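J.: Dumping the structure here so I can ask a few things about it.
Number of protein chains: 4
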Amino acid sequence: MKVTVFCENDEGLRNNPRVRKAYPNGFGQSIAAVFGKNTVFVPHDKGEDGSALLKYLEDTDVLVWWGHGLHKYVSDEVAEAVADRVKRGMGLIALHSSHMSKPFLKLLGTTGTLRWRESGDNERLWVVNPAHPICEGVGEYVELPHEETYGEHFDIPAPDELVFIGWFKGGEVFRSGCVFNRGFGKVFYFQPGHETFPTFRYNSIKRILKNAASYVAPKHGVGPALECKHTPAPQKR
Amino acid sequence: MKVTVFCENDEGLRNNPRVRKAYPNGFGQSIAAVFGKNTVFVPHDKGEDGSALLKYLEDTDVLVWWGHGLHKYVSDEVAEAVADRVKRGMGLIALHSSHMSKPFLKLLGTTGTLRWRESGDNERLWVVNPAHPICEGVGEYVELPHEETYGEHFDIPAPDELVFIGWFKGGEVFRSGCVFNRGFGKVFYFQPGHETFPTFRYNSIKRILKNAASYVAPKHGVGPALECKHTPAPQKR
Amino acid sequence: MKVTVFCENDEGLRNNPRVRKAYPNGFGQSIAAVFGKNTVFVPHDKGEDGSALLKYLEDTDVLVWWGHGLHKYVSDEVAEAVADRVKRGMGLIALHSSHMSKPFLKLLGTTGTLRWRESGDNERLWVVNPAHPICEGVGEYVELPHEETYGEHFDIPAPDELVFIGWFKGGEVFRSGCVFNRGFGKVFYFQPGHETFPTFRYNSIKRILKNAASYVAPKHGVGPALECKHTPAPQKR
Amino acid sequence: MKVTVFCENDEGLRNNPRVRKAYPNGFGQSIAAVFGKNTVFVPHDKGEDGSALLKYLEDTDVLVWWGHGLHKYVSDEVAEAVADRVKRGMGLIALHSSHMSKPFLKLLGTTGTLRWRESGDNERLWVVNPAHPICEGVGEYVELPHEETYGEHFDIPAPDELVFIGWFKGGEVFRSGCVFNRGFGKVFYFQPGHETFPTFRYNSIKRILKNAASYVAPKHGVGPALECKHTPAPQKR
Numbered sequence: 002m003k004v005t006v007f008c009e010n011d012e013g014l015r016n017n018p019r020v021r022k023a024y025p026n027g028f029g030q031s032i033a034a035v036f037g038k039n040t041v042f043v044p045h046d047k048g049e050d051g052s053a054l055l056k057y058l059e060d061t062d063v064l065v066w067w068g069h070g071l072h073k074y075v076s077d078e079v080a081e082a083v084a085d086r087v088k089r090g091m092g093l094i095a096l097h098s099s100h101m102s103k104p105f106l107k108l109l110g111t112t113g114t115l116r117w118r119e120s121g122d123n124e125r126l127w128v129v130n131p132a133h134p135i136c137e138g139v140g141e142y143v144e145l146p147h148e149e150t151y152g153e154h155f156d157i158p159a160p161d162e163l164v165f166i167g168w169f170k171g172g173e174v175f176r177s178g179c180v181f182n183r184g185f186g187k188v189f190y191f192q193p194g195h196e197t198f199p200t201f202r203y204n205s206i207k208r209i210l211k212n213a214a215s216y217v218a219p220k221h222g223v224g225p226a227l228e229c230k231h232t233p234a235p236q237k238r
Numbered sequence: 002m003k004v005t006v007f008c009e010n011d012e013g014l015r016n017n018p019r020v021r022k023a024y025p026n027g028f029g030q031s032i033a034a035v036f037g038k039n040t041v042f043v044p045h046d047k048g049e050d051g052s053a054l055l056k057y058l059e060d061t062d063v064l065v066w067w068g069h070g071l072h073k074y075v076s077d078e079v080a081e082a083v084a085d086r087v088k089r090g091m092g093l094i095a096l097h098s099s100h101m102s103k104p105f106l107k108l109l110g111t112t113g114t115l116r117w118r119e120s121g122d123n124e125r126l127w128v129v130n131p132a133h134p135i136c137e138g139v140g141e142y143v144e145l146p147h148e149e150t151y152g153e154h155f156d157i158p159a160p161d162e163l164v165f166i167g168w169f170k171g172g173e174v175f176r177s178g179c180v181f182n183r184g185f186g187k188v189f190y191f192q193p194g195h196e197t198f199p200t201f202r203y204n205s206i207k208r209i210l211k212n213a214a215s216y217v218a219p220k221h222g223v224g225p226a227l228e229c230k231h232t233p234a235p236q237k238r
Numbered sequence: 002m003k004v005t006v007f008c009e010n011d012e013g014l015r016n017n018p019r020v021r022k023a024y025p026n027g028f029g030q031s032i033a034a035v036f037g038k039n040t041v042f043v044p045h046d047k048g049e050d051g052s053a054l055l056k057y058l059e060d061t062d063v064l065v066w067w068g069h070g071l072h073k074y075v076s077d078e079v080a081e082a083v084a085d086r087v088k089r090g091m092g093l094i095a096l097h098s099s100h101m102s103k104p105f106l107k108l109l110g111t112t113g114t115l116r117w118r119e120s121g122d123n124e125r126l127w128v129v130n131p132a133h134p135i136c137e138g139v140g141e142y143v144e145l146p147h148e149e150t151y152g153e154h155f156d157i158p159a160p161d162e163l164v165f166i167g168w169f170k171g172g173e174v175f176r177s178g179c180v181f182n183r184g185f186g187k188v189f190y191f192q193p194g195h196e197t198f199p200t201f202r203y204n205s206i207k208r209i210l211k212n213a214a215s216y217v218a219p220k221h222g223v224g225p226a227l228e229c230k231h232t233p234a235p236q237k238r
Numbered sequence: 002m003k004v005t006v007f008c009e010n011d012e013g014l015r016n017n018p019r020v021r022k023a024y025p026n027g028f029g030q031s032i033a034a035v036f037g038k039n040t041v042f043v044p045h046d047k048g049e050d051g052s053a054l055l056k057y058l059e060d061t062d063v064l065v066w067w068g069h070g071l072h073k074y075v076s077d078e079v080a081e082a083v084a085d086r087v088k089r090g091m092g093l094i095a096l097h098s099s100h101m102s103k104p105f106l107k108l109l110g111t112t113g114t115l116r117w118r119e120s121g122d123n124e125r126l127w128v129v130n131p132a133h134p135i136c137e138g139v140g141e142y143v144e145l146p147h148e149e150t151y152g153e154h155f156d157i158p159a160p161d162e163l164v165f166i167g168w169f170k171g172g173e174v175f176r177s178g179c180v181f182n183r184g185f186g187k188v189f190y191f192q193p194g195h196e197t198f199p200t201f202r203y204n205s206i207k208r209i210l211k212n213a214a215s216y217v218a219p220k221h222g223v224g225p226a227l228e229c230k231h232t233p234a235p236q237k238r
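Protein chains in written order, with my numbering: chain C, 2 to 238; chain Y, 2 to 238; chain G, 2 to 238; chain W, 2 to 238.
So this is what it looks like as structure tokens:
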């Protein structure tokens with residue numbers, strides 16, 4: 002399974018002391034490390050259109066996307082290329098504030114809006130679908146000592162599979178783990194992962210992400226673009 | 002719209018001082034009052050098989066069910082009659098601990114199990130589907146100063162429509178408002194309503210229950226029992 | 002309820018003798034006539050970007066879209082304006098070959114591809130959700146003496162509600178009536194309606210379309226654009 | 002993976018010349034042969050309550066059920082034991098006329114009714130979810146030269162995953178392959194398989210059944226019965 006991690010890496014993020022403390026080896030690098038040695042990390046800097054991703058895209062089974070402040074710089078062409086490859090079978094894991102990323106919104110068709118607060122309150126991530134492969138080995142819930150608060154209403158289509166619901170100390174709930182099927186591909190949205198907290202270094206979160214990558218990976222390759230087919234009537238016996 | 006409220010009314014419930022304080026006009030009576038004057042209240046006492054309901058069942062558009070400690074006394078025949086009428090078009094509103102009632106489980110096919118705690122903590126009931134008719138006029142969430150805590154994992158089939166998610170101060174979340182379609186009928190499960198708290202006297206809760214009754218009511222009557230039909234081939238032009 | 006019908010009306014369509022025979026009062030005009038006197042018909046001609054629709058869009062409760070050969074001329078801005086209004090509450094009825102129209106694909110996030118054949122074979126449109134409001138008064142199926150054949154695989158997300166499945170004499174099946182919820186709005190895709198057959202003049206089809214318009218119409222108006230909300234923690238009691 | 006096949010085997014079935022011609026090695030035996038050598042075949046004869054199954058049930062990963070005329074003889078206890086084990090994680094494949102079998106109806110909560118005709122017309126089984134593991138290697142459709150006709154409306158809850166839609170020459174359509182999640186278990190309903198046609202001997206059907214067994218098999222064992230859990234508040238950091 003070939004995983005590519007596309008993650009913001011601008012100066013503000015790199016030099017933020019809280020990010021450096023939470024991720025001494027680098028933020029995007031740490032996300033990539035979850036998925037094993039052969040994972041490619043494609044950093045996204047301010048002003049870049051994201052086309053650095055295109056070099057790896059057609060060789061990617063699962064694309065992991067983390068974006069927050071730089072969504073607007075990603076070109077429509079890159080977003081369309083990602084969405085297109087998902088529809089042909091590639092898995093996509095959209096992390097945290099990627100709920101507003103262009104490829105995610107193209108695939109969902111809604112606004113992805115939500116309520117939020119940088120409170121650093123704790124979150125408890127509850128499993129609501131314990132037989133789901135993404136939850137395997139996770140237990141009944143995951144405790145996150147600090148996370149950015151995300152709250153409903155989250156403007157997404159009803160997910161094909163709802164896996165996690167987040168509880169936040171400040172009083173919010175959130176559909177924190179959702180699977181959406183689009184064409185031949187699967188999209189997993191996962192809410193935790195604010196850059197100033199070491200979320201991606203917790204074993205339970207790593208477990209979920211690895212489970213998710215296996216779950217959304219294409220089982221039989223990524224196909225060509227679909228087209229409408231004119232077909233004669235099938236011959237009947 | 003003819004509403005029938007089937008609600009426990011045993012001595013323990015009637016004489017509980019906390020219930021009397023929360024519902025001076027009676028518990029089941031107060032639930033019935035939500036739905037207007039013509040609503041029938043069918044009390045359910047310890048040891049009774051529930052057959053008192055049968056007198057009203059075939060004249061009921063929406064059945065509201067509240068049960069907790071007396072589920073086991075309801076006979077399979079009564080439970081089957083209720084489930085059968087739902088499949089033919091009657092609406093069912095299953096309140097609070099009715100998640101373990103026989104008709105609800107017959108219609109869902111799962112165990113309905115959950116985690117719980119009588120903490121009296123506060124609950125915040127979040128709307129996750131703001132365009133849904135059951136939420137009309139409710140706002141973004143409903144604050145309940147005290148409720149029994151119910152928590153995931155709630156063993157239900159994925160609801161056809163998820164309307165509310167509850168947040169509990171003690172750290173739990175719960176799919177608190179769920180619509181299930183079964184045959185021609187609709188079932189709305191609604192989690193709030195522990196007998197010692199005046200939940201059913203709050204305007205926002207009354208609003209939700211009235212919206213729900215309109216939503217699950219049969220639009221074109223309740224039909225006969227379905228049967229498999231042997232049919233000749235439809236004639237083609 | 003204010004209905005706007007956006008429908009192709011280029012010379013090829015207008016002057017096609019088969020279309021004229023099937024719709025002596027005009028094709029788009031006949032679709033508009035289904036929805037009553039106050040319905041606005043916005044014709045779409047070759048090369049036009051669809052912006053003629055914008056004059057009516059913000060006053061529209063339900064937009065009916067019929068497109069086939071001119072999808073590419075509709076500008077992204079117009080498609081985005083339609084999709085945006087749907088997410089804010091407007092209903093959309095996408096007819097027949099509108100499965101490839103820009104607004105529909107923006108809202109669905111898939112390719113909308115299918116297999117097809119202009120056979121003129123007959124179609125039988127089966128009701129698979131008889132309690133659904135869109136089927137009211139329709140019976141068990143609708144017989145269409147001639148329709149263009151559409152067949153699976155139809156590349157759409159799993160519909161929130163599947164209402165009709167089409168049977169085609171040549172051997173195909175199709176998910177012919179599908180409801181998708183997107184934000185505050187509802188989208189109904191309906192497969193029948195090739196321009197050379199008098200489909201929109203049949204009473205059963207008119208009934209379905211009128212039912213659908215009532216079903217997807219916003220119940221409480223169309224709201225402003227959603228935005229992410231920064232919110233302080235709700236105060237708890 | 003341990004598969005158990007519970008299949009009718011009464012004298013009428015055994016001695017029917019058409020069944021013998023279609024399945025020279027025996028009908029239930031031929032179904033069992035699809036799943037490999039270690040599969041247990043539990044025959045069900047007229048008047049038997051099905052308790053012969055109980056000997057194998059707790060050692061079964063995937064139960065395959067074929068019933069038609071003998072549903073009524075299966076005791077409620079046996080049906081409940083099957084449904085209970087599914088909710089704890091066992092996979093269930095309900096074949097053909099098992100749409101009216103007791104365990105299937107207990108798990109679904111609807112009547113399972115449909116329209117039917119023993120026409121021997123041909124069926125074309127269309128894949129409507131080509132990325133689903135159950136379809137792997139199957140192609141766009143499967144041609145069945147002769148099958149009993151089953152038609153909508155099929156009274157089931159909206160399936161969690163719709164995989165196949167059947168087309169019948171006589172004019173019907175049917176949701177022929179449906180996955181339902183119930184508790185920790187998965188149920189796959191599959192419509193083809195009338196005893197007088199050699200359906201279960203076709204390679205494409207064998208492929209689907211083997212795919213389905215892998216898909217519904219428990220990935221992490223079958224657990225104990227779920228119970229409501231009283232839990233103290235989780236300790237927060």
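Glycine included, each C-beta is placed from N, C-alpha and C at the ideal position.
Just so it is clear, the structure is predicted and the values come from calculations on it, not from any experiment.
Which residues in the same chain as R238(G) place their Cβ atom closer than 7 Å to its Cβ, once the five residues preceding and following it in sequence are excluded?
T.: The count along the third sequence starts at 1 and reaches residue 238(G) at position 237. Because R238(G) carries a pLDDT of 49, less than 50, the predicted location of this residue cannot be relied on, and no value is offered for it.
J.: If we cut at 9 Å on Cβ distances, does A159(Y) have a partner in chain C?
T.: Here the question's residue 159(Y) lines up with position 158 in the second sequence. So yes, A159(Y) belongs to the interface.
J.: Taking the alpha helix (DSSP H) that I32(G) falls in, what are its first and last residues?
T.: Locating residue 32(G) in the third sequence gives position 31, where the first residue counts as 1. That run of the alpha helix (DSSP H) goes F28 to V35.
J.: I'd like to check one pair, P44(G) with Y142(Y): are the Cβ atoms closer than 9 Å?
T.: If you number the second sequence from 1, residue 142(Y) lands on position 141. If you number the third sequence from 1, residue 44(G) lands on position 43. Going by C-beta atoms, Y142(Y) is not nearer than 9 Å to P44(G).
J.: Of the residues V63(C), S120(C) and A33(C), which one's Cα is nearest the Cα of F302(C)?
T.: This structure cannot settle anything about residue 302(C), because the visible part of chain C is limited to 2 through 238.
J.: Using a threshold of 9 Å, state whether the C-beta atoms of H231(C) and W168(G) are closer than that.
T.: Counted from its first residue, the first sequence places residue 231(C) at position 230. Counted from its first residue, the third sequence places residue 168(G) at position 167. Cβ distance not < 9 Å, so H231(C) and W168(G) don't count as in contact.
J.: If we define contact as Cβ-Cβ less than 9 Å, is L145(Y) a contact residue for chain C?
T.: In the second sequence, counting from the first residue as 1, residue 145(Y) sits at position 144. No, no contact with chain C.
J.: Using only CA atoms, which one of P25(C), K47(C) and A23(C) lies nearest to G13(C)?
T.: On the first sequence, residue 13(C) is found 12 positions in, with the first residue counted as 1. Closest option to G13(C), Cα to Cα, is K47(C).
J.: Identify every residue that forms a DSSP beta bridge with P44(C).
T.: Residue 44(C) sits at position 43 when you count from the first residue of the first sequence. For P44(C), which the question treats as bridged, DSSP gives the partners C8(C).
J.: Is it true that the region 58-78 of chain G meets the region 4-18 of chain G, where meeting means three or more beta-carbon pairs spaced less than 8 Å apart?
T.: Yes: the two stretches touch, three or more of their Cβ pairs being nearer than 8 Å.
J.: On the criterion of 16 or more Cβ atoms from any shown chain inside 10 Å, does R183(W) qualify as buried, or is it exposed?
T.: Working through the fourth sequence from its first residue, we reach residue 183(W) at position 182. Buried: at least 16 other Cβ atoms inside 10 Å.
J.: When DSSP labels each residue in this structure, what does G68(G) get in the three-state scheme?
T.: By 1-based counting over the third sequence, the position of residue 68(G) is 67. Residue state, collapsed to three classes: coil.
J.: Could you tell me the boundaries of the beta strand (DSSP E) in which F105(Y) lies?
T.: Position 104 of the second sequence, counted from the start, is the residue given in the question as residue 105(Y). Note, F105(Y): premise wrong, no beta strand (DSSP E); alpha helix (DSSP H) at K103 to L109.
J.: What residue range does the beta strand (DSSP E) around G190(Y) cover?
T.: Reading the second sequence from its first residue, position 189 is the one you call residue 190(Y). Inspection of the sequence shows that residue 190(Y) is occupied by Tyr rather than by Gly. Its beta strand (DSSP E) spans residues G186 to F191.
J.: Assuming contact is defined by CB atoms lying nearer than 9 Å, are L108(G) and K88(G) in contact in what I supplied?
T.: Against the third sequence, residue 108(G) aligns to sequence position 107. Against the third sequence, residue 88(G) aligns to sequence position 87. In contact: L108(G) and K88(G) (Cβ atoms closer than 9 Å).
J.: So for H147(W), helix, strand or coil by DSSP?
T.: Indexing the fourth sequence from 1 puts residue 147(W) at position 146. Residue state, collapsed to three classes: coil.
J.: For the region 199-223 of chain G, which segments carrying the alpha helix (DSSP H) assignment without a break, of at least 4 residues, lie completely within its bounds, in sequence order?
T.: 204-217, all fully within the region 199-223 of chain G.
J.: Would you call the region 188-198 of chain C and the region 86-100 of chain C touching, i.e. three or more CB-CB distances under 8 Å?
T.: Touching, yes.
J.: Below 8 Å, how does it come out for the region 76-87 of chain Y and the region 27-46 of chain Y: are there three or more Cβ pairs, yes or no?
T.: No: the two stretches stay apart, fewer than three of their Cβ pairs being nearer than 8 Å.
J.: When the distance is taken between beta carbons, is A82(G) closer than 9 Å to L54(G)?
T.: Here residue 54(G) corresponds to residue number 53 of the third sequence, with the count starting at 1. Here residue 82(G) corresponds to residue number 81 of the third sequence, with the count starting at 1. Going by C-beta atoms, L54(G) is nearer than 9 Å to A82(G).
J.: Using a Cβ-Cβ cut-off of 7 Å (strictly less than) and excluding sequence neighbours within five positions of G224(Y), which residues of its own chain qualify?
T.: Counting from 1 along the second sequence, the entry for residue 224(Y) is found at position 223. Cβ within range, chain order: R89, G90 and F185.
J.: Could you give the DSSP three-state label for S177(G): helix, strand or coil?
T.: Your numbering for residue 177(G) matches position 176 in the third sequence. Correct three-state label for S177(G): strand.
J.: Have a look at T111(C) and F181(C) and give me their C-alpha separation to the nearest angstrom.
T.: Counted from its first residue, the first sequence places residue 111(C) at position 110. Counted from its first residue, the first sequence places residue 181(C) at position 180. Going from the Cα of T111(C) to the Cα of F181(C) covers about 13 Å.
J.: Look at the alpha carbon of G113(G) and the alpha carbon of L210(C), and state the distance between them as a whole number of angstroms.
T.: Numbered from 1 along the third sequence, position 112 holds the residue referred to as residue 113(G). Numbered from 1 along the first sequence, position 209 holds the residue referred to as residue 210(C). Roughly 30 Å between the two C-alpha positions.
J.: Which residues in the same chain have their Cβ closer than 7 Å to the Cβ of I32(W), if we skip the five residues on either side of it in sequence?
T.: Mapped onto the fourth sequence, residue 32(W) falls at position 31. Counting only Cβ-Cβ distances below 7 Å, and skipping sequence neighbours, we find V6, C8, V65, W67 and F201.
J.: Just the Cα atoms here: how many angstroms apart are P131(G) and F165(G)?
T.: For the purposes of this step, residue 131(G) is taken as residue 130 along the third sequence, with counting starting at 1. For the purposes of this step, residue 165(G) is taken as residue 164 along the third sequence, with counting starting at 1. Taking the straight line from one Cα to the other gives about 9 Å.
J.: Cα-Cα, which of D85(C), G172(C), E144(C) and A159(C) is closest to N204(C)?
T.: Taking the first sequence and counting its residues from 1, the one referred to as residue 204(C) is at position 203. The candidate whose alpha carbon is nearest that of N204(C) is E144(C).
J.: Here's a check: name, in chain order, each residue in its chain whose Cβ is nearer than 6 Å to the Cβ of P104(G), leaving out the five neighbours to either side.
T.: Looking up residue 104(G) in the third sequence gives position 103. Excluding sequence neighbours, P104(G) sits near A80, V83 and A84.
J.: N17(C) CB to nearest chain W CB: under 9 Å?
T.: Taking the first residue of the first sequence as position 1, residue 17(C) is located at position 16. No - not a single Cβ of chain W is within 9 Å of the one on N17(C).
J.: How is the alpha helix (DSSP H) around R118(C) delimited, first residue to last?
T.: As a first step, residue 118(C) is located in the first sequence; it is residue number 117 there, counting from the start. No alpha helix (DSSP H) holds R118(C); the beta strand (DSSP E) holding it covers R116 to R118.
J.: I'd like to know whether the C-beta of A218(G) is nearer than 9 Å to at least one C-beta of chain W.
T.: Looking up residue 218(G) in the third sequence gives position 217. For A218(G), the answer is no, since every Cβ of chain W falls outside 9 Å of its Cβ.
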